[in-house]
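Note that this note's numbering has the sequence shown beginning at 1041, numbered continuously upward.
The C-beta atom is built at its ideal place from N, Cα and C for all residues, glycine as well.
Report on one structure; see the data block that follows.
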Amino acid sequence: MVSILSERQYTEKDAIYSGLKSMMVSGSAGLIFSAVQNAIMKDPGTMKNAIKRASGTVGTFAIVGGLFSFTQAFVSNLRRKDDSLNPFIGGLVSGSIGAIRARSFSAMAGYGLGFACILGFFDWCGGTLNGLYRDFYGEDTGKLKETLFKTEYRRPRSEIVKAIGGGRGV
1041 MVSILSERQY
1051 TEKDAIYSGL
1061 KSMMVSGSAG
1071 LIFSAVQNAI
1081 MKDPGTMKNA
1091 IKRASGTVGT
1101 FAIVGGLFSF
1111 TQAFVSNLRR
1121 KDDSLNPFIG
1131 GLVSGSIGAI
1141 RARSFSAMAG
1151 YGLGFACILG
1161 FFDWCGGTLN
1171 GLYRDFYGED
1181 TGKLKETLFK
1191 TEYRRPRSEI
1201 VKAIGGGRGV
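So this is what it looks like as structure tokens:
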């Protein structure tokens, strides 16, 4: 049986490329989020105001996503390990930087620790939403699903009454 705390094989990562690629993806997500945010506003105002609001949201998303990937790869290269501490540190840095818009030190600490705990725990659980090391016991998941959803038919009533004795002490 494999231990859930075992380390993965280390491979060196390009931190700058990883950060830039993630910055583009998260910036695109921020653009979509900002478009939805502007669409549901009651009075969006002028186009200039909409672009001003959108630029802050897109920039925050892009910086947080890019900084997370960069920090995760940088820490991984620095430690020469690929474990759950790397996304934890990446989440801590990116969450803290993402909370700068709140202009509060407690928000920076809270966002940073919140991101760090969520992302570190997610990676520790195998980096999937399908469960803790889905194929942990080496079993085929298809066989497991077959046994879980297998239909068992009822026994005839006469057989049940015969097995329990009719219920009258017979």
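For residue i, collect the residues of the same chain with a Cβ closer than 6 angstroms to its Cβ; drop the 5 residues on either side in sequence, then sort them by chain order.
{"i": "PHE1108", "result": "GLY1130 and SER1134"}
{"i": "GLN1112", "result": "ASN1126, PRO1127 and GLY1130"}
{"i": "VAL1042", "result": "For VAL1042, the pLDDT reaches just 48, beneath the cut-off of 50, and the residue's location in the model is therefore unreliable, leaving the point undetermined."}
Would you mind working out which of the options sits nearest residue i, comparing C-alpha positions?
{"i": "TRP1164", "options": "PHE1189, SER1124 and ALA1156", "result": "SER1124"}
With a CB to CB cut of under 7 angstroms and the five nearest residues on each side skipped, what residues in its chain are close to residue i?
{"i": "ILE1137", "result": "ILE1103, VAL1104 and LEU1107"}
{"i": "SER1116", "result": "LYS1053, ASP1122 and ASN1126"}
{"i": "THR1028", "result": "Here the chain covers residues 1041 to 1210 and nothing more, so residue 1028 does not appear."}
How long is the line joining the alpha carbons of residue i and residue j, rounded to whole angstroms?
{"i": "GLY1085", "j": "ILE1140", "result": "26 angstroms"}
{"i": "GLY1150", "j": "PHE1128", "result": "14 angstroms"}
{"i": "SER1062", "j": "ILE1080", "result": "27 angstroms"}
{"i": "ASN1089", "j": "MET1064", "result": "23 angstroms"}
{"i": "ARG1119", "j": "THR1051", "result": "11 angstroms"}
{"i": "SER1058", "j": "ALA1094", "result": "24 angstroms"}
{"i": "LYS1082", "j": "LYS1185", "result": "48 angstroms"}
{"i": "LEU1153", "j": "GLU1192", "result": "48 angstroms"}
{"i": "GLY1067", "j": "THR1168", "result": "23 angstroms"}
{"i": "THR1187", "j": "LEU1060", "result": "46 angstroms"}
{"i": "GLN1049", "j": "ILE1091", "result": "45 angstroms"}
{"i": "ILE1200", "j": "ARG1194", "result": "10 angstroms"}
{"i": "LEU1132", "j": "PHE1189", "result": "42 angstroms"}
{"i": "TYR1204", "j": "LYS1183", "result": "Note on identity: in this sequence residue 1204 is Ile, with Tyr being the wrong assignment. Distance between the alpha carbons of ILE1204 and LYS1183 is about 34 angstroms."}
{"i": "MET1148", "j": "MET1087", "result": "31 angstroms"}
Can you name the residues that DSSP bridges to residue i?
{"i": "ASP1163", "result": "In DSSP, ASP1163 forms no bridge with anything."}
Leaving aside the five residues before and after residue i along the sequence, list all residues of the same chain whose C-beta is less than 8 angstroms from its C-beta, in chain order.
{"i": "ILE1056", "result": "PHE1110"}
{"i": "PRO1196", "result": "none"}
{"i": "PHE1114", "result": "ALA1055"}
Within 8 angstroms, do at least three Cβ pairs link the segment 1159 to 1168 to the segment 1141 to 1149?
The count of Cβ pairs closer than 8 angstroms, one atom from the segment 1141 to 1149 and one from the segment 1159 to 1168, stays below three, leaving the stretches out of contact.
For the pair the segment 1064 to 1072 and the segment 1098 to 1107, tell me if three or more CB-CB distances fall below 8 angstroms.
In short, these stretches touch, since the Cβ pair count reaches three.
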